[in-house]
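These protein sequence lines are chains C, V and G, in that order. Okay, so the first sequence: first residue is 1 according to the working numbering, each after it adds one. Okay, so the second sequence: first residue is 1001 according to the working numbering, each after it adds one. Okay, so the third sequence: first residue is 2001 according to the working numbering, each after it adds one. All residues carry an ideal CB built from backbone N, CA and C; glycine is no exception. Bear in mind that the values here come from a model prediction, so they are computed numbers and not experimental data. Worksheet: one structure, shown below.
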Amino acid sequence: MTGREASPLSGGARLRRRRAASAGAELLSLLAAFVAVAVLVVVVVSIFLKGAGALSVHLFTRTPVPFGETGGGIEQALIGTAELVALATSIALPAGVLVAVYAHEFAPAGVARLVRLCLNVLAGVPTIVVGILVFTLMVKGSGQSGWAGALALSIIMVPLVARGSEEVLAVVPATLREASLALGATRARTVLRVVLPTAVGGIVTATILAVARVAGETAPLLFTSSIAATTVNTDPQRPLASVALSIFADSESPDPHAHQEAWAAAFVLLVFVLAISIGARLVASRARGGRLR
Amino acid sequence: MKTRSETSLTPARDAAPSEGLLSQPAALDVLFEQRSPAEAEPLEPVLEARAVTVRYGAAVAVSDVSLDVHRNRVTAFIGPSGCGKTTLLRTFNRMNDLVPGAVVSGRVAYHGVDVNGAGVDPIEVRRRIGMVFQRPNPFPKSVFDNVAFGLRLHGLKDDLSGRVEEALRRAALWDEVKDRLGKNALGLSGGQQQRLCIARALAVEPDLLLMDEPASALDPISTTRIEDLLRELRSQVTIVIVTHNMQQAARVADLTAFFSVEPTGGDEHERGGVLIEYGPTEQLFTRPADRRTEDYVTGRFG
Amino acid sequence: MARLPLPARRRSWPVRHPGDLAMHGIAGLAAAGTILVLVLLTVQVFRQARPAISRFGAAFVWSTDWNPVTNAFGARDLIWGTAVTSLAAVLAAVPLAVAAALFLTELAPARAAAPIRTLVELLAAIPSVVLGLWGILVLGPVLAQHVEPWLGSTLGFIPLFSGAPSPAGLLPACVILTIMVVPIVAAISREVFLTVPADLKDGAYALGATRWEVVRGVVLPHSAAGLTAAVILGLGRALGEAIAVTQVIGGTAAFHASLFGPADTLASRIASQYQGAVSDIQIASIAFLAAILLVFSLVANVGAGLVVGRLQRRRLGVR
């Protein structure tokens, strides 16, 4: 067989068409990424503009005022949200880590797979349905309470904490476990003294991201901790107010003052959520020594 | 054949000094008359590399390499890991374009045309210069669609099944797969998958085939089949094969280039792949001109 | 029995020490708790819904009433609203999200891809109540004043785009849900694309394929299962979103083809009834809505979870 004669390597009309098709597709994908980022920018900037204008120190230091009046705040909601999230975290953090430890360190492969599937399914259950569950368990009969709200939030947090924790347990080197076991440590001690301390950064990141998520959750609180007093309450036996529900109620209100308060509260909530989401990613990427994740 | 390659691995003590790194027509013709008189056609460069240097960021992978690849010959690139063999190979069909941070300087001319020149489309280059990879990488499609993939891309759709059959025959795979053309290619054995990848590359009729350690992931029997195939294909296409396996180079290659990792430039710590010696395979293995080549082919190299 | 002294990866260690036993037990209880929560969800929601199930039966699904005075309840219009908003959101979000994920994995230089990816995924961090507030006070009026009249005058012959513009209704709900679904589908698609072996892409490039031909011929076929899971999970998110939809959809059960008018979905109806439910049968009917929603989401998530679980295990390097 004789070799092909040297002919131009520039390609013909067909290749030009294929190139054009590829360039078109590449442009569309660039455009899609641009649109996705632009949506974030538009939403965040417009909330910042509206919220910053409505912001005042009263928001943090006062409780709501009657319909039509101005100068009220959401102090009780800020305190309530902090308490709800703290209670939920105190349930979900240990539970989530234990589930991850079980799935990754103890469970037989089949059981671990089942647990992971359950976590994924639980993460996908509509949060309002989680609220209904807690309503049937705790609220029916005895009424709403901060505990009920915190339990609902913790059910949403557990799969987030557990999945995040298992990701970091998976990257703890097997040699570390072996070294500990070779020194005669029990498996429990190995997990407590070697595996978890190595994974603690990742577990903290996962927990912070879960906090960011539930701090803005509204639906699970509707049936569990929504009928709260407009004064400051820290007793979880009674319903606790929350920032998310304040925004929800204000946004449904026909009162323009309420809208202003909603914008200001949304601004505070969004700044909090975005700041800790970005912060957690930065910490995680620094720990990984690489790029933003 | 076997005997020749075994004896050729014993280096002669009275090594004659090499006259240069590039082609040495007189010496080569003698060798080819010995091996196979019918193939003693004159050497004709298909691809000429001149002063090729490849950098990944600050690291030099290939430093100032010049060599010719000759028509209808099998050329082997050998040398230790990290000596830039694969990187050099990937400059020939501009696959390094796809590696972020890779910068190629120097000139690679294919039939006299600079493949990095203005107006040259890397897609056209890759169509003319086929490539087979270290690990078999058939697409998760049917055997037929694997071979037809390139044909469809380039609009070679007339007599598609004829072209597919022809490519599979050239890759010595037709008899094994003719009854399962519609089956997923991932169901083939590793050796069959690699021959499928060779068929896939041959289907678009390249005149130069680059093979990056094509047998390193295969068992000995599959490796033998690939080597037999290379010897058959030599009459149809020009082949460059990167290999870690010196015996393999000795068995299949007409010409062999030995690369090593050496200091490049002024800095002591700056090391990169350089071409040490290039010549007829038998000469390189029996009468290496350079002591480093001799150390490597005798196994004294770490 | 002879055992290797220290196997690198043991899935189940034999229990010997009391401390190990205790830890295994406690961790196992936590895991069992997760499974229990799922079981409880199903049992409790259906138990709560039982009065409505026994009273209305399957007719609940196609009955249109929602009248607390006469205690007649049905879900047809809500199912319609849910279907329209979720499907529209997924149809709009999936091409956008998949294309953006392709940009991140196949096109963007690593230095640009990392921050863009973070920004896209931060969309998912915006609380739904905040997005809903933006939807009703900013997006809704813009749609009603500028977009809907234009759609109506140019595409009004299609029933979807007929009717009077309104700041609250199906269209803003679709847009808000699209914004929520995009980051989910983009994040999963990106992970799926990253699992396509570089070998395969190199093989296609070496045959002279363009970037788009590599994506169409190798990347997308290899990712089909994972992308299906991404779409299902996106759909699950859209089906179950209660708060933001409640804020923007108008809260009127109505069966109309127009995207402009107010409507309601299963989840938003549940949310809007949180203070108003008085009779047992109304609470049971709300639970019935929740049960329908739960069944949808369980089916979607178990299906997608099986696929995603396989991807996760591949990444975690476990079986």
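Proximity of Val2218 (chain G) to chain V, defined by a Cβ-Cβ separation below 8 Å, is satisfied.
For the pair Asp1159 (chain V) and Ala25 (chain C), the Cα-to-Cα distance works out to about 30 Å. In chain order, Ala262 place their CB closer than 6 Å to the CB of Ser251 (chain C), counting only its own chain and leaving out the 5 sequence neighbours on each side. Under the DSSP assignment, Ser2223 (chain G) falls in the alpha helix (DSSP H) whose first and last residues are 2220-2240. For Ile1276 (chain V), the three-state secondary structure derived from DSSP is strand. When C-beta distances to chain C are compared with 9 Å, the residues of the region 1142-1155 of chain V below that value are Leu1153, His1154, Gly1155, in chain order. For His58 (chain C), the enclosing alpha helix (DSSP H) begins and ends at 58-61. If you ignore the 5 residues before and after Leu1229 (chain V), its C-beta comes within less than 6 Å of the C-beta of Ala1172, all in its own chain and listed in chain order.
For Asn1137 (chain V), the number of other beta carbons within 10 angstroms of its own is at least 16, and it is reported as buried. Counting only the Cα atoms, Val101 (chain C) lies some 47 Å from Ala2168 (chain G).
Take Pro64 (chain C), set aside five residues on each side of it, and the residues of its chain with a beta-carbon closer than 6 Å to its own are Gly72, Thr230, in chain order.
The region 2056-2071 of chain G makes no contact with the region 2239-2249 of chain G: fewer than 3 CB pairs, one atom from each, lie closer than 8 Å. In the three-state scheme derived from DSSP, where H, G and I count as helix and E and B as strand, Leu114 (chain C) is classed as helix. Per the Cβ contact rule, the region 2134-2153 of chain G is not in contact with the region 2224-2238 of chain G (fewer than 3 Cβ pairs under 8 Å). Closest by C-alpha distance to Ala36 (chain C), out of G:Ala2290, G:Asp2199, G:Thr2178, is G:Thr2178.
Not a single C-beta of chain C is nearer than 8 Å to the C-beta of Thr2082 (chain G).
Nearest to Ala265 (chain C) by C-alpha distance, out of C:Ser142, C:Ala244, C:Val211, C:Asp255, is C:Ala244. For Thr127 (chain C), the three-state secondary structure derived from DSSP is helix. In terms of Cα proximity to Pro1220 (chain V), the closest of V:Phe1133, V:Tyr1110, V:Cys1197, V:Asn1245 is V:Asn1245.
For Ala95 (chain C), same chain residues with a beta-carbon under 6 Å away, outside a window of 5 residues either side, are Val158 in chain order. Counting only the Cα atoms, Met2180 (chain G) lies some 10 Å from Pro2127 (chain G). Only those residues of the region 2201-2215 of chain G whose C-beta falls short of 8 Å from the nearest C-beta of chain C are listed: Thr2210, Arg2211, Trp2212, Glu2213, Val2215.
Judged by DSSP secondary structure, Thr190 (chain C) falls outside any beta strand (DSSP E) and instead within the alpha helix (DSSP H) spanning 187-190.
Take the alpha-carbon of Ile2232 (chain G) and the one of Leu2119 (chain G): they are about 23 Å apart. Nearest to Val1069 (chain V) by alpha-carbon distance, out of V:Asn1096, V:Tyr1110, V:Val1147, is V:Tyr1110. Annotation: Ala275 (chain C) to Ile203 (chain C) spans about 18 Å, alpha carbon to alpha carbon. Annotation: Ala148 (chain C) to Gln2044 (chain G) spans about 15 Å, alpha carbon to alpha carbon. Gln2275 (chain G) counts as exposed, since fewer than 16 other beta carbons sit within 10 angstroms of its beta carbon.
Rounded to the nearest whole angstrom, the CA to CA distance from Ala2075 (chain G) to Phe2046 (chain G) is 16 Å.
A direct Cα-Cα distance of roughly 12 Å separates Asn1116 (chain V) from Ala1049 (chain V).
DSSP places Leu2266 (chain G) in the helix class (H, G or I) of the three-state scheme. When only Cα atoms are considered, Gly2203 (chain G) and Ala2225 (chain G) end up about 22 Å apart.
For the pair of segments examined, the region 2200-2217 of chain G was found to touch the region 6-21 of chain C: the number of CB pairs separated by less than 8 Å reaches three. Between Ala2229 (chain G) and Ala2187 (chain G), the alpha-carbon positions lie close to 12 Å from each other. The alpha-carbon of His2017 (chain G) is positioned some 17 Å away from that of Val194 (chain C). Approximately 3 Å separates the beta-carbon atoms of Ala32 (chain C) and Ala2099 (chain G); this is inside 8 Å, confirming the contact.
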